[in-house]
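**Q** Keeping their order, the protein sequence lines are chains B and D. Read in order, the letters of the first sequence correspond to residues 1 to 339 in the numbering used here. Read in order, the letters of the second sequence correspond to residues 340 to 678 in the numbering used here. First the structure, which I've put down as structure tokens, then a few questions once you've had a look.
Protein chains: 2
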Amino acid sequence: MTTLNDVAKKAGVSYSTVSRALAGSTLINAATRERIIRVAEGTGYQVNHVARSLATRRSFTLGLVVPETTNPYFPKLIDLIVHHARIAGYSLLLNISGTDQSEEGRCLQALHQRRVDGIILTSGLHGIVGREEIDLLQDRELPLVVLGWVPEAEKYDLVACDDAAGGYELTNHLLSLGHRRIALLGPKVCRDKYDRIQGFLRAMAECPGAQPRVQTGIYTEQEANTAVHELLGSDDSPTAFIGFNDMEATWIVNSLSDAGISCPQEVALAGFGDMDVARYLSPRLTTVAYPIETVAESAVTMLLNRISAKVDLSVRQHVMLQPHLVIRQSCGAPKQFKF
Amino acid sequence: MTTLNDVAKKAGVSYSTVSRALAGSTLINAATRERIIRVAEGTGYQVNHVARSLATRRSFTLGLVVPETTNPYFPKLIDLIVHHARIAGYSLLLNISGTDQSEEGRCLQALHQRRVDGIILTSGLHGIVGREEIDLLQDRELPLVVLGWVPEAEKYDLVACDDAAGGYELTNHLLSLGHRRIALLGPKVCRDKYDRIQGFLRAMAECPGAQPRVQTGIYTEQEANTAVHELLGSDDSPTAFIGFNDMEATWIVNSLSDAGISCPQEVALAGFGDMDVARYLSPRLTTVAYPIETVAESAVTMLLNRISAKVDLSVRQHVMLQPHLVIRQSCGAPKQFKF
DNA sequence: TACTGTTTTACAAGCGTTTGCAAAGAGGCA
DNA sequence: TGCCTCTTTGCAAACGCTTGTAAAACAGTA
Numbered sequence: 001m002t003t004l005n006d007v008a009k010k011a012g013v014s015y016s017t018v019s020r021a022l023a024g025s026t027l028i029n030a031a032t033r034e035r036i037i038r039v040a041e042g043t044g045y046q047v048n049h050v051a052r053s054l055a056t057r058r059s060f061t062l063g064l065v066v067p068e069t070t071n072p073y074f075p076k077l078i079d080l081i082v083h084h085a086r087i088a089g090y091s092l093l094l095n096i097s098g099t100d101q102s103e104e105g106r107c108l109q110a111l112h113q114r115r116v117d118g119i120i121l122t123s124g125l126h127g128i129v130g131r132e133e134i135d136l137l138q139d140r141e142l143p144l145v146v147l148g149w150v151p152e153a154e155k156y157d158l159v160a161c162d163d164a165a166g167g168y169e170l171t172n173h174l175l176s177l178g179h180r181r182i183a184l185l186g187p188k189v190c191r192d193k194y195d196r197i198q199g200f201l202r203a204m205a206e207c208p209g210a211q212p213r214v215q216t217g218i219y220t221e222q223e224a225n226t227a228v229h230e231l232l233g234s235d236d237s238p239t240a241f242i243g244f245n246d247m248e249a250t251w252i253v254n255s256l257s258d259a260g261i262s263c264p265q266e267v268a269l270a271g272f273g274d275m276d277v278a279r280y281l282s283p284r285l286t287t288v289a290y291p292i293e294t295v296a297e298s299a300v301t302m303l304l305n306r307i308s309a310k311v312d313l314s315v316r317q318h319v320m321l322q323p324h325l326v327i328r329q330s331c332g333a334p335k336q337f338k339f
Numbered sequence: 340m341t342t343l344n345d346v347a348k349k350a351g352v353s354y355s356t357v358s359r360a361l362a363g364s365t366l367i368n369a370a371t372r373e374r375i376i377r378v379a380e381g382t383g384y385q386v387n388h389v390a391r392s393l394a395t396r397r398s399f400t401l402g403l404v405v406p407e408t409t410n411p412y413f414p415k416l417i418d419l420i421v422h423h424a425r426i427a428g429y430s431l432l433l434n435i436s437g438t439d440q441s442e443e444g445r446c447l448q449a450l451h452q453r454r455v456d457g458i459i460l461t462s463g464l465h466g467i468v469g470r471e472e473i474d475l476l477q478d479r480e481l482p483l484v485v486l487g488w489v490p491e492a493e494k495y496d497l498v499a500c501d502d503a504a505g506g507y508e509l510t511n512h513l514l515s516l517g518h519r520r521i522a523l524l525g526p527k528v529c530r531d532k533y534d535r536i537q538g539f540l541r542a543m544a545e546c547p548g549a550q551p552r553v554q555t556g557i558y559t560e561q562e563a564n565t566a567v568h569e570l571l572g573s574d575d576s577p578t579a580f581i582g583f584n585d586m587e588a589t590w591i592v593n594s595l596s597d598a599g600i601s602c603p604q605e606v607a608l609a610g611f612g613d614m615d616v617a618r619y620l621s622p623r624l625t626t627v628a629y630p631i632e633t634v635a636e637s638a639v640t641m642l643l644n645r646i647s648a649k650v651d652l653s654v655r656q657h658v659m660l661q662p663h664l665v666i667r668q669s670c671g672a673p674k675q676f677k678f
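Written as structure tokens, this is what we have:
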């Protein structure tokens, strides 16, 4: 493996001169720089980032922790973050904490040991699990940005979306179409006061006669299917369904079509997230668009600022983003309803 | 940041002793080892992998290059590879080469500079683009495994799937249902002799009276939509459609339903890949299951063997896997066809 | 020519580990 | 007690780079 020294010998200069030439330092003659660069290219020299990191104590690597990849939200997020990191000259170490986030602590520790310059931690259904490890990182002043609202958010730099506002807006849309019995199916309340379920409940509470049904604990297509059938079998079966996210909505639409119920003619359906699948589904899904591009960009920007500026660590930064409703074809007025 | 030295001072031994204690060397007294480990834990010492990598010339990091993440095949692959790598004690540097793979060379170079122990390169629609950079890596004897069949495959270690066999099996299934006019829509032939389109054409050629239509250059939902409408408008409009992958199949099913054509009643549809979406789609999609779990595991295993064993680099290893047909609900017999 | 000031280059220390080798201790035996 | 072995520990070099500082080279000026 060619090193700085090899290049130096070949160019007849010392290795520090080569280092400066390659780093574009001003303390060097333009002509020698050119010559050295040409020699370096000739030998196929590739800078050793490991050695550089050790010397500079900067790895130009970011760590990303994500719970899973089956929910298409996460791949998209990964893609965007890789992209923004790369623009800024950073590589990305990817860790997967598991749907139950049980590996979260270990992931953080692994990233710490690899001396990443900063970490983006995507919180999941369980919020943050590796609090201890985070404390250690914060003692070491290693920049870390949490994605998604979590309890005790004031302890972290954080980028999140006001899902409650999204749930509120979506629910009001359904209410305005005339729906009163609306069921929301999903795993669990996980964003505290900013949870979409909270927004749903608030909108329903504000509407006289509205009958909210919230069915949590739904993690699989099977569970969604069972829940849909139970709800449809009840006396006051809902005229509209909301999936906790677009994936749950696809499960619901399948359950409905299996039961011979057409959507949106007989029952309205909405999702959350505005993933690609929302546009592929038939009927195309009315959903709440999550500002994922902005989330990714804000997170990277915030992290890079922390890394370079090291500004006042005692004040944590928060960015709260707003989602917005995307109306497509999956929600009509309830059958028995006439304006 | 606590170092070996800090721990050593606190424990009253030299840093090399600490190093040995933490590495579990036998050249050390069990009692002192215990004591040192306890001291290390007390100080929150985290080994510096950068320094370790420099000293050992092993980073315990793998590089993964993937073209994009919108096709759900890639996220799933990433997830599996991260998982297998982690089991073996490796971290994962993720690089995205772009749908056009224009960044592939740069990705490989970046991984090289970061001194990963090995690279998994996922080839895309364009096969391999960074041949030059690969040559350089191979000169340096950096282990690299290519995913997906590419021209001049004999030059690389490679794990691939015989898509042609999958296309052949799927097409024969449609033929056996009575379809003769079958259209395949997709981007382009990209797997050489192992391409699914080749398998399709072979099966069609073997069936008297079969009329294959292959429409390439279809990269977006819009393009798929146009193609479907053109095909449906022709005299001998196809009775069955095959999507190059499950994503293209979802585009087709939407075009069909927009055109008021029911699937599978009026037209059959099949996909390729058996991604999650194939099970969510209505109708649930008949498709060719790609052995993605085996691909991921084989690739990591092959790479790790190369890294540790360094066996006979002159002989490249190939693993060819077989896909298999998954019959669901999207393919019936053609309308005018009676057995 | 000698001196000063300004590039330009070389030297050397340091980043935090690992690891071969030497040294120190401990214990056994004559 | 002295010698030898074996175990345990410490020393120092190395990994490949960055960077502060000293030295050299080169002009320009008096």
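All C-beta atoms, glycine included, are put in the ideal place defined by N, C-alpha and C.
(1) Pull out every residue of the region 24 to 44 of chain B whose Cβ sits closer than 7 Å to any Cβ of chain D, in chain order.
(2) Starting from the N-terminal side, write out each stretch of the alpha helix (DSSP H) that is 4 residues or longer and does not extend beyond the region 33 to 86 of chain B.
(3) So what's valine 326(B) in DSSP terms, helix, strand or just coil?
(4) Tell me the rounded alpha-carbon separation between alanine 289(B) and histidine 324(B).
(5) Comparing the C-beta of threonine 342(D) with each C-beta of chain B, is any distance below 9 Å?
(6) Indicate the three-state DSSP secondary structure (helix, strand or coil) for cysteine 161(B) in the structure shown.
(7) Using beta carbons (cut-off 9 Å, strictly below), is alanine 682(D) in contact with chain B?
(8) Under the rule that 16 or more other beta-carbon atoms within 10 Å means buried, what is aspartate 117(B), buried or exposed?
(9) Please work out which residues of its chain come closer than 6 Å, Cβ to Cβ, to glutamine 554(D), disregarding the five sequence neighbours upstream and downstream, and give them in chain order.
(10) If you draw a straight line from the C-alpha of tyrosine 558(D) to the C-alpha of glycine 381(D), how long is it?
(11) Assuming contact is defined by CB atoms lying nearer than 9 Å, are alanine 390(D) and leucine 54(B) in contact in what I supplied?
(12) Please state the DSSP three-state secondary structure of leucine 285(B).
(13) Considering only the beta carbon of each residue, do isoleucine 96(B) and alanine 299(B) sit closer than 9 Å?
(14) Using a C-beta cutoff of 9 Å, does phenylalanine 339(B) count as contacting chain D?
(15) Please state if the CB of valine 592(D) and the CB of proline 622(D) are separated by a distance shorter than 9 Å.
(16) Using a Cβ-Cβ cutoff of 8 Å, what residues of the region 388 to 401 of chain D are near chain B? List them in chain order.
(17) So aspartate 235(B) and alanine 278(B) are in contact, right, with Cβ under 8 Å, and what is the actual spacing, rounded?
(18) Less than 6 Å between C-beta atoms, sequence neighbours within five positions excluded: which residues of the same chain meet that for alanine 40(B)?
(19) Compute the beta-carbon to beta-carbon distance between leucine 121(B) and valine 65(B), rounded to the nearest angstrom, for a pair I have assumed lies under 8 Å.
(20) How far does the beta strand (DSSP E) with asparagine 95(B) in it reach, from first residue to last?
(21) What in chain D is Cβ-close to histidine 112(B), meaning under 8 Å?
(22) From what residue to what residue does the alpha helix (DSSP H) around phenylalanine 539(D) run?
(23) At the level of alpha carbons, what is the spacing between phenylalanine 158(B) and isoleucine 134(B)?
(24) So serine 621(D) contacts chain B; which residues on that side make the cut at Cβ distance below 8 Å?
(25) Confirm the yes/no value for this check: CB of valine 553(D), any heavy atom of the ligand GDP, distance under 8 Å.
(26) Identify whether leucine 523(D) lies in helix, strand or coil by the three-state DSSP scheme.
(27) So, are the CB atoms of glycine 444(D) and glycine 469(D) less than 9 Å apart?
(28) When you compare the CB of histidine 422(D) with every CB in chain B, is at least one pair closer than 9 Å?
(29) In this structure, how does DSSP classify histidine 568(D) when only helix, strand and coil are distinguished?
(30) Measuring CA to CA, which of Gly24(B), Val13(B), Lys188(B) and Leu232(B) is closest to histidine 126(B)?
(31) Less than 8 Å between the CB atoms is what I'm expecting for tyrosine 495(D) and glycine 538(D), so what's the real figure, rounded?
(32) Expressed to the nearest angstrom, what Euclidean distance is found between the alpha-carbon atoms of glutamate 636(D) and histidine 422(D)?
(33) Label threonine 132(B) either buried or exposed according to how many other C-beta atoms from any shown protein chain fall within 10 Å of its C-beta, with 16 as the threshold for buried.
(34) Going by DSSP in three states, leucine 460(D) sits in which element: helix, strand or coil?
(35) Taking 9 Å as the threshold (C-beta atoms), are aspartate 274(B) and threonine 418(B) in contact?
(36) List, in chain order, every chain B residue whose beta-carbon is nearer than 7 Å to that of valine 616(D).
**A** Let me lay it out:
(1) Gly44
(2) 49 to 56
(3) Position 326 of the first sequence, counted from the start, is the residue given in the question as residue 326(B). Here valine 326(B) sits in strand by DSSP.
(4) The count along the first sequence starts at 1 and reaches residue 289(B) at position 289. The count along the first sequence starts at 1 and reaches residue 324(B) at position 324. Taking the straight line from one Cα to the other gives about 5 Å.
(5) For the purposes of this step, residue 342(D) is identified with residue 3 of the second sequence, where counting begins at 1. Taking Cβ atoms only, chain B never reaches closer than 9 Å to threonine 342(D), which makes this a no.
(6) One-based indexing of the first sequence puts residue 161(B) at position 161. Cysteine 161(B): strand per DSSP, three-state reduction.
(7) Residue 682(D) lies beyond the range of chain D shown here (340 to 678); nothing can be said about it.
(8) Residue numbering aside, residue 117(B) sits at position 117 when the first sequence is read from its first letter. Aspartate 117(B) comes out buried.
(9) Position 215 of the second sequence, counted from the first residue, corresponds to residue 554(D). The residues are Leu524 and Ala566.
(10) As a position in the second sequence, residue 558(D) is number 219, starting the count at 1. As a position in the second sequence, residue 381(D) is number 42, starting the count at 1. So the alpha carbons of these two residues sit roughly 56 Å apart.
(11) For the purposes of this step, residue 390(D) is taken as residue 51 along the second sequence, with counting starting at 1. For the purposes of this step, residue 54(B) is taken as residue 54 along the first sequence, with counting starting at 1. Their beta carbons are under 9 Å apart, which means alanine 390(D) touches leucine 54(B) by this criterion.
(12) As a first step, residue 285(B) must be located in the first sequence, where it is residue number 285. Three-state result, leucine 285(B): coil.
(13) By one-based count along the first sequence, residue 96(B) stands at place 96. By one-based count along the first sequence, residue 299(B) stands at place 299. Taking 9 Å as the Cβ cut-off, isoleucine 96(B) and alanine 299(B) do not qualify as a contacting pair.
(14) Numbered from 1 along the first sequence, position 339 holds the residue referred to as residue 339(B). Residue confidence for phenylalanine 339(B) is low, a pLDDT of 45 falling below 50, so the modelled location carries little weight and cannot support an answer.
(15) Here residue 622(D) corresponds to residue number 283 of the second sequence, with the count starting at 1. Here residue 592(D) corresponds to residue number 253 of the second sequence, with the count starting at 1. For proline 622(D) and valine 592(D), yes; Cβs fall inside 9 Å.
(16) His388, Val389, Ala390, Ser392, Leu393, Ser398 and Thr400
(17) If you number the first sequence from 1, residue 235(B) lands on position 235. If you number the first sequence from 1, residue 278(B) lands on position 278. 31 Å between Cβ atoms; not a contact.
(18) For this step, residue 40(B) is matched to residue 40 along the first sequence. So the list reads Val7, once near-sequence residues are dropped.
(19) For the purposes of this step, residue 121(B) is identified with residue 121 of the first sequence, where counting begins at 1. For the purposes of this step, residue 65(B) is identified with residue 65 of the first sequence, where counting begins at 1. With 8 Å as the limit, leucine 121(B) and valine 65(B) qualify as a contact, their Cβ atoms being about 5 Å apart.
(20) Working through the first sequence from its first residue, we reach residue 95(B) at position 95. From DSSP, the beta strand (DSSP E) with asparagine 95(B) extends over 91 to 96.
(21) In the first sequence, counting from the first residue as 1, residue 112(B) sits at position 112. Gln385, listed in chain order.
(22) Start at 1 with the first residue of the second sequence, and residue 539(D) comes out as number 200. Looking at the DSSP string, the run of the alpha helix (DSSP H) that includes phenylalanine 539(D) is 535 to 545.
(23) What you label residue 158(B) is simply residue 158 of the first sequence in a count that begins at 1. What you label residue 134(B) is simply residue 134 of the first sequence in a count that begins at 1. The sequence shown places leucine at residue 158(B), not phenylalanine. Those two C-alpha atoms are separated by around 13 Å.
(24) The sequence position of residue 621(D) within the second sequence is 282, counting from 1. Here the neighbours are Val253, Asn254, Ser257 and Ser282.
(25) Among the components modelled here there is no ligand, and therefore nothing to report on the ligand GDP.
(26) Working through the second sequence from its first residue, we reach residue 523(D) at position 184. Reduced to three states, the DSSP call for leucine 523(D) is strand.
(27) Position 105 of the second sequence, counted from the start, is the residue given in the question as residue 444(D). Position 130 of the second sequence, counted from the start, is the residue given in the question as residue 469(D). In this structure, glycine 469(D) lies closer than 9 Å to glycine 444(D) by Cβ.
(28) On the second sequence, residue 422(D) is found 83 positions in, with the first residue counted as 1. For histidine 422(D), the answer is yes, since a Cβ of chain B falls inside 9 Å of its Cβ.
(29) Locating residue 568(D) in the second sequence gives position 229, where the first residue counts as 1. Of the three classes helix, strand and coil, the one that applies to histidine 568(D) here is helix, per DSSP.
(30) Reading the first sequence from its first residue, position 126 is the one you call residue 126(B). The residue with the shortest Cα to Cα distance from histidine 126(B) is Lys188(B).
(31) Here residue 495(D) is taken as the residue at index 156 of the second sequence, counted from 1. Here residue 538(D) is taken as the residue at index 199 of the second sequence, counted from 1. About 23 Å; that fails the 8 Å criterion.
(32) For the purposes of this step, residue 636(D) is identified with residue 297 of the second sequence, where counting begins at 1. For the purposes of this step, residue 422(D) is identified with residue 83 of the second sequence, where counting begins at 1. Rounded to the nearest angstrom, the two C-alpha atoms are 9 Å apart.
(33) Locating residue 132(B) in the first sequence gives position 132, counting from the first residue. Going by the sequence as given, residue 132(B) is glutamate instead of threonine. Exposed: under 16 other Cβ atoms inside 10 Å.
(34) Position 121 of the second sequence, counting from 1, holds the residue named residue 460(D). Looking at leucine 460(D) - three-state DSSP - the assignment turns out to be strand.
(35) Nothing can be reported for residue 418(B): it is not among the residues displayed for chain B, which extend from 1 to 339.
(36) For the purposes of this step, residue 616(D) is identified with residue 277 of the second sequence, where counting begins at 1. Here the neighbours are Val277.
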